[in-house]
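Asker: The following block contains the structure, expressed as structure tokens.
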Amino acid sequence: MDSLVLIKPKKMYLFPLVAIVLAIIVAVSVWTRWRYMQAGVFQIDEFISMLSIRMILEKGEPILPSGLYYDHGLVFSYIGAMIAYAAGDNLLAVRWWSLIAAVLAVVALWLTAWRLYDSPWWGLVPALYLALDPSAIQWGGRIRMYSQADLIVFLWILLAWLGTLDGERRWARWLLIALIWVGLNTHLVLLLLLPPLAFALLITWLVKHRQSSLDKKGDQVANLASPINSTSKLQPDAPGPYRLMLQLQKNLSLSRELIIDLLLATAVVILAFWSGQQSFVASYTVDSSIPDTETEAINTDPVNDVISFELSDTRWREMEHYLNNGVLRRYSALALLGLVAVGVAFVRDRSERADLGGLFISLMTISLMLGMLLFVADTWHQIRYYFLVVFPLVLLLAAYGVRAIFNSTVWLMHRLNIGGNAVGNLTGIAAVLLVGVVWPWPSLWSGAVQAMSGSTNTPNRYQSAFAVVNAGRAPGDQIATVRPEAAYLFSGSLDYYVNHSSPVLIPGEDGWRDGYTGAPYLDNVRALRQALARPGTLWLVIDDERLYKHLEPIFAQYILEHFDLVETIDNVLVLREGTTPPRPYPAETTTPLATLASNIQLVDYTIDNAAGPGQTAHLTTFWQNTRTLWLFKIFVHLRDQTGATIAQADFAPIEQIDEHLREAMVGRSSPDIIPLSTTLTLPPELPPGQYSLYIGVYHPVALERVPVINDQSGENAILLGQIDLK
Numbered sequence: 140m141d142s143l144v145l146i147k148p149k150k151m152y153l154f155p156l157v158a159i160v161l162a163i164i165v166a167v168s169v170w171t172r173w174r175y176m177q178a179g180v181f182q183i184d185e186f187i188s189m190l191s192i193r194m195i196l197e198k199g200e201p202i203l204p205s206g207l208y209y210d211h212g213l214v215f216s217y218i219g220a221m222i223a224y225a226a227g228d229n230l231l232a233v234r235w236w237s238l239i240a241a242v243l244a245v246v247a248l249w250l251t252a253w254r255l256y257d258s259p260w261w262g263l264v265p266a267l268y269l270a271l272d273p274s275a276i277q278w279g280g281r282i283r284m285y286s287q288a289d290l291i292v293f294l295w296i297l298l299a300w301l302g303t304l305d306g307e308r309r310w311a312r313w314l315l316i317a318l319i320w321v322g323l324n325t326h327l328v329l330l331l332l333l334p335p336l337a338f339a340l341l342i343t344w345l346v347k348h349r350q351s352s353l354d355k356k357g358d359q360v361a362n363l364a365s366p367i368n369s370t371s372k373l374q375p376d377a378p379g380p381y382r383l384m385l386q387l388q389k390n391l392s393l394s395r396e397l398i399i400d401l402l403l404a405t406a407v408v409i410l411a412f413w414s415g416q417q418s419f420v421a422s423y424t425v426d427s428s429i430p431d432t433e434t435e436a437i438n439t440d441p442v443n444d445v446i447s448f449e450l451s452d453t454r455w456r457e458m459e460h461y462l463n464n465g466v467l468r469r470y471s472a473l474a475l476l477g478l479v480a481v482g483v484a485f486v487r488d489r490s491e492r493a494d495l496g497g498l499f500i501s502l503m504t505i506s507l508m509l510g511m512l513l514f515v516a517d518t519w520h521q522i523r524y525y526f527l528v529v530f531p532l533v534l535l536l537a538a539y540g541v542r543a544i545f546n547s548t549v550w551l552m553h554r555l556n557i558g559g560n561a562v563g564n565l566t567g568i569a570a571v572l573l574v575g576v577v578w579p580w581p582s583l584w585s586g587a588v589q590a591m592s593g594s595t596n597t598p599n600r601y602q603s604a605f606a607v608v609n610a611g612r613a614p615g616d617q618i619a620t621v622r623p624e625a626a627y628l629f630s631g632s633l634d635y636y637v638n639h640s641s642p643v644l645i646p647g648e649d650g651w652r653d654g655y656t657g658a659p660y661l662d663n664v665r666a667l668r669q670a671l672a673r674p675g676t677l678w679l680v681i682d683d684e685r686l687y688k689h690l691e692p693i694f695a696q697y698i699l700e701h702f703d704l705v706e707t708i709d710n711v712l713v714l715r716e717g718t719t720p721p722r723p724y725p726a727e728t729t730t731p732l733a734t735l736a737s738n739i740q741l742v743d744y745t746i747d748n749a750a751g752p753g754q755t756a757h758l759t760t761f762w763q764n765t766r767t768l769w770l771f772k773i774f775v776h777l778r779d780q781t782g783a784t785i786a787q788a789d790f791a792p793i794e795q796i797d798e799h800l801r802e803a804m805v806g807r808s809s810p811d812i813i814p815l816s817t818t819l820t821l822p823p824e825l826p827p828g829q830y831s832l833y834i835g836v837y838h839p840v841a842l843e844r845v846p847v848i849n850d851q852s853g854e855n856a857i858l859l860g861q862i863d864l865k
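What follows is the structure in structure tokens.
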């Protein structure tokens, strides 16, 4: 396919126009990320980075209050510490570095596309995508290492191209090696890019040199057929010994340099990978004895933690969902067009210099995705990781797709003999604008607006929540939270860590502790009751999602019963220990009174013995192993000596559970004991005497009682005891 380009390498008379467009895109990227910063929302992992930066300012190293060395995002943490120090210990100022890195990533994307595809035009549209992409806007305004890592990815690709396939510049290779260490110490997931990068460079180098040898042979044949050549000269001049020695020396020198640089890069990768597995990640574990948690002990073997040869549908679903979701669907379509264009160029053997860049990115993208789908463990398939390793390649391949749209349109105009070069170029520009800008613009802009407003974040106001705690707590009060880093940052201390979904724990002398701050871990009702029994008021700061979805339902139910709501800030709840003393619980060694089918256990009960005729008696029963109890109803009978029922109660246990927890409660088991209460209204003319109290469980539809193991009543009921009424 004949291709026409707007700007050839030596004709840069339109470059000022490119610079103006790029400046506008850069200004847009600055504005969008600044607007997001003004929304004042926190992504929860920002607190971890802020705590790491705080520790560097205090200790010179990111040694967390728990004693663990936090190496994750090490380079970002040190850069952030320098910025925070210059800003007078203002941690929020670190967001400006994320913004700067994000804007530099936009420029690096454009520059990389220019070098790969031999024109400064093709990267403008993907640069606009990066400027307005909702995820890029968010990461560009957060105290987190993702925008810095994004910038490093583009620089890796650019330097790898400049150092091997486009000039073989050694300074570029050395800078690449240095940035490999920086990148792996910014985010270890960038390791996934290195094998595809090496593979794509090798294959593209082979293709390039094969084309060069074919071109030289073609030139020799053309020279022999030229009229200026003598008919007796059937072979070209053979190079002399001196030229052969110079060429051999050059090749050996280049090969030796490449091998040395490759060995050096390999050593840097191994060192960065090894050091990244020796500190924080390999030092914490979780309590695998906690029932129904979705966490597992950390695998200290770094290779097995990343590589998995088990085929998993999860990887394919996650990758497809990412590429075919929202505005990314438009990027993916252009990237797919770029893949097709690369195939056409090389199949038809009409490739140009820019097509080598397209081949390089295509090979890198395909090998990365196949490698992730076939060999990378499920835990590394997360949207934020895709943003770092997949998203940059999709954008660069989309740039090649933009080039294909332009060249195909120009070619079609020439084939149809419509207008000249000027008309063809203008039509190509119109096609690029229509497909590359107008088509994705509505979804791109709406996503950008939502991202800038902060509405696409899960709202959280932990900083404001701890300000409420600080204003209300008295000396001796204690704090518990699911966000230990935020508590340490904004309240200066933490007494208890509460989290059941994905706790980061380390062993301590008295049990498990939070891996970030070292605070004791509260994971059951009994431990929480002990905390409540201590002097001072216990405060709990937790967001509604973690309260209702991440904690064990029985544990969350106890919190709702024994804490008062002080204030709600967005989705964060500030709770304070209630003034009503907690009801007495059975002792830990109490033998259950009875066991029913499905191992439901009635542990103990209490009843108001002071109630008399015409009064209400309050009954509290304590149950354990309640996984299936919530599907049934409970009956209570007070019978006289003849066996006649003179008072009864009937209730559904699930109705005593908070409505937000009911669905989660069914089918979940816990070692915690849960109380269920009811009342018995005694008849007004009830004579004094001894009465028997029975309890049982039955199915509300089938009206069949749940069997009692070793039933003594003969009716699948439990005799609680005798009650004397006076």
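What the sequence shown shows, in our numbering, is residues 140 to 865, in sequence order. Don't be surprised by glycine CBs; every beta carbon is placed ideally from N, CA and C.
#1: I'd like the ranges of any alpha helix (DSSP H) spanning at least 4 consecutive residues and lying wholly in the segment 552-583.
#2: Considering only the beta carbon of each residue, do Val836 and Phe771 sit closer than 8 Å?
#3: Inspect the beta-carbon positions of Pro273 and Thr765 and report whether they are closer than 8 Å.
#4: When you compare the CB positions of Pro336 and Ala266, do they come within less than 8 Å of one another, or not?
#5: The alpha helix (DSSP H) spanning Ala625 covers which residue range?
#6: So, for Ala361: in the same chain, excluding its five sequence neighbours on each side, which residues have a beta-carbon less than 6 Å away from its beta-carbon?
#7: So the candidates are Asp452, Val242, Glu843 and Ile316; which of them puts its Cα closest to the Cα of Ala406?
#8: Quick one: Cα of Ala695 to Cα of Leu498, how far?
#9: Excluding the 5 residues preceding and the 5 following Ser547 in the sequence, name in chain order all residues of the same chain whose CB lies nearer than 6 Å to its CB.
#10: Starting from the Cα of Trp295, find the closest Cα among Leu741, Pro334, Trp580 and Phe514 and give me that residue.
#11: Are the segment 255-262 and the segment 285-292 touching, with three or more C-beta to C-beta distances below 8 Å?
#12: Let me know the secondary structure DSSP gives Val533 once reduced to three states.
#13: Ser451: which of Ala658, Pro826, Trp236 and Leu512 sits nearest, CA to CA?
#14: Going by CA-CA distance only, name the one from Ile500, Leu819 and Ala672 that's closest to Ala252.
#15: Anyone know if the C-beta pair for His520 and Arg468 falls short of 8 Å?
#16: Whole alpha helix (DSSP H) runs in the segment 275-302 with 4 or more residues, listed along the chain?
#17: Can you tell me the Cα-Cα spacing of Arg722 and Pro581, whole angstroms?
#18: Please work out which residues of its chain come closer than 6 Å, Cβ to Cβ, to Thr759, disregarding the five sequence neighbours upstream and downstream, and give them in chain order.
#19: Measure the Cβ-Cβ separation of Leu633 and Met189 and say whether it is below 8 Å.
#20: Among the candidates Ser592, Leu502 and Leu207, whose CA atom is the shortest distance from the CA of Gly179?
#21: Taking the beta carbon of Glu449 as the centre, do at least 16 other beta carbons fall within 10 Å, making it buried, or is it exposed?
#22: From what residue to what residue does the beta strand (DSSP E) around Ile645 run?
#23: Quick one: what does DSSP say Trp313 is sitting in, helix, strand or coil?
#24: Going by C-alpha to C-alpha distance, which of Gly753, Ile164 and Thr767 sits closest to Asn738?
#25: Let me know the secondary structure DSSP gives Glu433 once reduced to three states.
#26: Using DSSP bridges, identify the partner residues of Val515.
#27: Please classify Thr765: does DSSP put it in a helix, a strand, or coil?
#28: Take Arg312 and list the residues in its own chain whose beta-carbon comes closer than 6 Å to its own, dropping the five residues that flank it on each side.
#29: Pick out whichever of Asp653, Pro531, Arg174 and His838 has its Cα sitting closest to the Cα of Val246.
#30: How should Asn229 be labelled, buried or exposed, when 16 other C-beta atoms within 10 angstroms of its C-beta is the threshold for buried?
#31: Within a Cβ cutoff of 7 Å, which residues of the same chain sit near Asp709, ignoring the five residues on either side of it in sequence?
#32: Is Ile739 helix, strand or coil by DSSP?
#33: Using the beta-carbon count (16 or more within 10 Å), is Gly104 buried or exposed?
#34: What first and last residue would you give for the beta strand (DSSP E) that runs through Lys772?
#35: Hey, which unbroken runs of the alpha helix (DSSP H) at 4 residues or more fall wholly within the segment 666-703?
#36: Tell me which residue opens and which closes the alpha helix (DSSP H) that Glu459 is part of.
Answerer: With the structure as the only source:
#1: 560-572
#2: The residue labelled residue 836 in the question sits at position 697 within the sequence shown. The residue labelled residue 771 in the question sits at position 632 within the sequence shown. Cβ distance < 8 Å, so Val836 and Phe771 count as in contact.
#3: Taking the sequence shown and counting its residues from 1, one reaches residue 273 at position 134. Taking the sequence shown and counting its residues from 1, one reaches residue 765 at position 626. Going by C-beta atoms, Pro273 is not nearer than 8 Å to Thr765.
#4: By 1-based counting over the sequence shown, the position of residue 336 is 197. By 1-based counting over the sequence shown, the position of residue 266 is 127. The displayed chain sequence assigns Leu, not Pro, to residue 336. It is not a contact, given that the beta carbons lie outside the stated cut-off.
#5: Here the question's residue 625 lines up with position 486 in the sequence shown. Unbroken alpha helix (DSSP H) run through Ala625: Pro623 to Ser630.
#6: Position 222 of the sequence shown holds residue 361. Residue confidence for Ala361 is low, a pLDDT of 39 falling below 50, so the modelled location carries little weight; the figure read from the coordinates is stated next. Result list for Ala361: empty, nothing under 6 Å.
#7: Position 267 of the sequence shown holds residue 406. Ranking the options by Cα distance to Ala406, first place goes to Ile316.
#8: On the sequence shown, residue 695 is found 556 positions in, with the first residue counted as 1. On the sequence shown, residue 498 is found 359 positions in, with the first residue counted as 1. Their backbone Cα atoms lie some 55 Å apart in a straight line.
#9: As a working mapping, residue 547 is identified with position 408 in the sequence shown. Counting only Cβ-Cβ distances below 6 Å, and skipping sequence neighbours, we find nothing.
#10: The sequence position of residue 295 within the sequence shown is 156, counting from 1. Trp295 has its Cα closest to that of Pro334, out of Leu741, Pro334, Trp580 and Phe514.
#11: no
#12: Looking up residue 533 in the sequence shown gives position 394. Three-state result, Val533: helix.
#13: Taking the sequence shown and counting its residues from 1, one reaches residue 451 at position 312. Out of Ala658, Pro826, Trp236 and Leu512, Leu512 has the C-alpha closest to the C-alpha of Ser451.
#14: The residue you call residue 252 lines up with position 113 of the sequence shown. Taking only the C-alpha atoms, the option nearest Ala252 is Ile500.
#15: Against the sequence shown, residue 520 aligns to sequence position 381. Against the sequence shown, residue 468 aligns to sequence position 329. No.
#16: 285-299
#17: Taking the first residue of the sequence shown as position 1, residue 722 is located at position 583. Taking the first residue of the sequence shown as position 1, residue 581 is located at position 442. The straight-line gap from Cα to Cα measures roughly 58 Å.
#18: The residue you call residue 759 lines up with position 620 of the sequence shown. Once the five neighbours on either side are set aside, the close Cβ partners of Thr759 are Thr745, Pro814 and Ser816.
#19: The count along the sequence shown starts at 1 and reaches residue 633 at position 494. The count along the sequence shown starts at 1 and reaches residue 189 at position 50. Taking 8 Å as the Cβ cut-off, Leu633 and Met189 do not qualify as a contacting pair.
#20: Counting from one through the sequence shown, the residue named residue 179 turns up at place 40. Residue Ser592 is the option with its Cα nearest to Gly179.
#21: Indexing the sequence shown from 1 puts residue 449 at position 310. So Glu449 counts as exposed.
#22: Here residue 645 refers to the residue found at position 506 when the sequence shown is read from its first residue. Looking at the DSSP string, the run of the beta strand (DSSP E) that includes Ile645 is Leu644 to Gly647.
#23: Position 174 of the sequence shown, counted from the first residue, corresponds to residue 313. Correct three-state label for Trp313: helix.
#24: Counting from 1 along the sequence shown, the entry for residue 738 is found at position 599. Considering only alpha carbons, the answer is Thr767.
#25: In the sequence shown, counting from the first residue as 1, residue 433 sits at position 294. The predicted model places Glu433 with a pLDDT of 40, which falls under 50 and marks its position as unreliable, so this point remains unresolved.
#26: For the purposes of this step, residue 515 is taken as the residue at position 376 of the sequence shown. According to DSSP, Val515 bridges with Ile446.
#27: If you number the sequence shown from 1, residue 765 lands on position 626. Per DSSP, reduced to three states, the secondary structure at Thr765 is coil, with no helix or strand assignment.
#28: Here residue 312 is taken as the residue at index 173 of the sequence shown, counted from 1. Hits under 6 Å: Gly302 and Asp400.
#29: As a first step, residue 246 is located in the sequence shown; it is residue number 107 there, counting from the start. The option with the nearest alpha carbon to Val246 is Pro531.
#30: Looking up residue 229 in the sequence shown gives position 90. By the 10 Å Cβ count, Asn229 comes out exposed.
#31: Taking the first residue of the sequence shown as 1, we reach residue 709 at position 570. Around Asp709: Pro598, Asn599 and Arg600.
#32: Mapped onto the sequence shown, residue 739 falls at position 600. Three-state result, Ile739: coil.
#33: Residue 104 falls outside the range modelled here, since the chain spans only 140 to 865, and no answer is possible.
#34: Position 633 of the sequence shown holds residue 772. Per DSSP, the unbroken beta strand (DSSP E) holding Lys772 starts and ends at Lys772 to Arg778.
#35: 692-701
#36: Indexing the sequence shown from 1 puts residue 459 at position 320. Looking at the DSSP string, the run of the alpha helix (DSSP H) that includes Glu459 is Asp452 to Leu462.
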